[in-house]
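**Student:** Position 71 (the sequence shown) corresponds to 596 in this note's numbering; numbering is contiguous. What follows is a structure written as structure tokens; I'll ask about it next.
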Amino acid sequence: MAGDTELWEIVNQADMDHPFHLHGTQFQVVERERDGQVARSPYLAWKDTVNVARGKTVRIITRQERPGARMYHCHILEHEQLGMMGIVDVRA
């Protein structure tokens with residue numbers, strides 16, 4: 526819902542890094558995890574793209590202020606073309 530704060534978990538099970546990008550808002554990286562080892566983010570800077578290293582999970586908090594469709598995707602063009610993208614439908 527528009528105005529709600531959400532915790533997202535981006536999991537990279539691939540053998541290469543993926544720069545994850547979210548349209549229409551910014552987010553803060555709150556922690557990263559690999560092999561059960563969780564590291565809290567020392568800086569809560571606002572971002573619209575975060576690198577998700579191979580084998581890592583990144584947790585972000587985000588908030589969409591306006592309703593409508595928003596795209597998220599890997600910022601490597603070839604990966605987008607192979608399906609690493611999606612739409613979030615933010616409801617009023």
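A virtual CB, placed ideally from N, CA and C, is assigned to each residue, including glycine.
Three or more beta-carbon pairs under 8 Å between the stretch 560-571 and the stretch 589-609, yes or no?
**Tutor:** No: fewer than three Cβ pairs fall under 8 Å.
**Student:** Using CA atoms only, rank isn't needed, just tell me which of 598, 564, 604 and 557 is closest to residue 581.
**Tutor:** 557
**Student:** Given a cut-off of 8 Å, decide if residue 575 and residue 555 are closer than it, judged by their beta-carbon atoms.
**Tutor:** No. Outside cutoff.
**Student:** On the three-state DSSP scale, how would you describe residue 547?
**Tutor:** Three-state DSSP puts residue 547 in a strand.
**Student:** Using the Cα positions of residue 607 and residue 560, report the straight-line distance between them to the nearest angstrom.
**Tutor:** 27 Å
**Student:** Leaving out five residues before and five after residue 586 in sequence, what residues of the same chain have Cβ atoms less than 8 Å from its Cβ?
**Tutor:** 530, 531, 532, 533, 552, 553 and 555
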